[in-house]
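*Asks:*
In the numbering used here, the protein residues as written are 24 to 273.
(1) When burial is assigned at 16 or more other CB atoms within 10 Å of the CB, is residue 128 buried or exposed?
(2) Taking 8 Å as the threshold, find out whether the stretch 54-61 comes into contact with the stretch 113-126 through three or more Cβ pairs.
(3) Using a Cβ-Cβ cutoff of less than 8 Å, which residues in the same chain neighbour residue 217 once the five nearest sequence positions on both sides are dropped?
(4) By alpha-carbon positions, which one of 84, 85, 130, 154 ends up nearest to residue 98?
(5) Using 10 angstroms around the beta-carbon of residue 29, count the other beta-carbons present and answer buried if the total reaches 16, otherwise exposed.
(6) For residue 207, does the count of other Cβ atoms within 10 angstroms reach 16, so buried, or fall short, so exposed?
(7) From residue 84 to residue 153, what does the alpha carbon distance come to, in whole angstroms?
(8) Can you find the residues in the same chain that come closer than 6 Å, C-beta to C-beta, to residue 266, ignoring five residues on each side of it along the sequence?
(9) Across the stretch 99-115 and the stretch 130-140, are there enough close Cβ pairs to call them in contact, namely three or more that are closer than 8 Å?
(10) Thinking residue 176 and residue 190 are a contact (beta carbons under 8 Å), I'd like their distance in whole angstroms, please.
(11) Taking the runs of the beta strand (DSSP E) that are 3 residues or longer, which of them lie wholly in the stretch 185-230?
(12) If you measure between the beta carbons of residue 44 and residue 71, is that distance less than 7 Å?
(13) Thinking C-alpha only, which one of 179, 192, 257 is nearest residue 225?
(14) Opposite residue 110 in the DSSP bridges: which residues?
(15) For the candidate residues 80, 248, 147, whose alpha-carbon lies nearest to that of residue 48?
(16) For residue 18, count neighbouring C-beta atoms within 10 Å of its own C-beta (all shown protein chains included) and say buried if the count is 16 or more, exposed if not.
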């Protein structure tokens, strides 16, 4: 990445041209050529997937990486797969999205005060990026946090990989991450002091089918975290910030 980026549009324009991780480039492009049979007539995105949501968002949701036949196909975070169906239905239920479905770019979906991003922006084989790929991709997350910082009040991290990826980024961005670092758990809530204002960090199980199909993560559980994070961010959401919950381990 060249000169420091100062706006989301410029960041996204550079990000989608990235070819820094050979394994991820090969995989995302192979998937885009070979396609899933049910999408054989579609043109896959097959590039890095930028964040989605307004540049002045006060709430950030951090996932893991694009899905091979979801965001890698549609070009938008959590769009076109069952994980996205689960996430956007919950966002809509608490007043943070204009509709409960996300099928493709241009489907009319808008987010209200929320942006969605990930520590890795290319679809990885088996949904498992390597630590090296995470580290190579980190500068995009650094830049995104720097741009969002004036408005950002709370962050929800979906899963332990995103939690571990985000903590050093927040630390370098100027929020004081305690030592030892807080552990991930569903319902975890940590307030990180900052030079201008604190940041509220929330943990939530990932919206993967492994979690949602088994009932480990239910719509009510996700909506509760979204509402709590939105409340402290000053946005929508219809429940107050809870007292500190006992975080359940991943």
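In this text, a Cβ means the ideal position worked out from N, Cα and C, and glycines have one as well.
Here the structure is a predicted model, which is why all the values come from computation and not from measurement.
*Replies:* The relevant details are as follows:
(1) exposed
(2) no
(3) 197, 198, 199
(4) 130
(5) exposed
(6) buried
(7) 21 Å
(8) In this predicted model, residue 266 has a pLDDT of only 36, less than 50, meaning its place in the structure is not dependable; the value taken from the coordinates is given anyway. There are no such residues.
(9) yes
(10) Between residue 190 and residue 176 the Cβ distance is about 18 Å, and since that is not below 8 Å, they are no contact.
(11) 212-215, 222-227
(12) no
(13) 179
(14) According to DSSP, which records beta bridges pairwise, residue 110 is partnered with nothing at all.
(15) 147
(16) Only positions 24 to 273 of the chain appear in the structure, and residue 18 is not among them; the question remains open.
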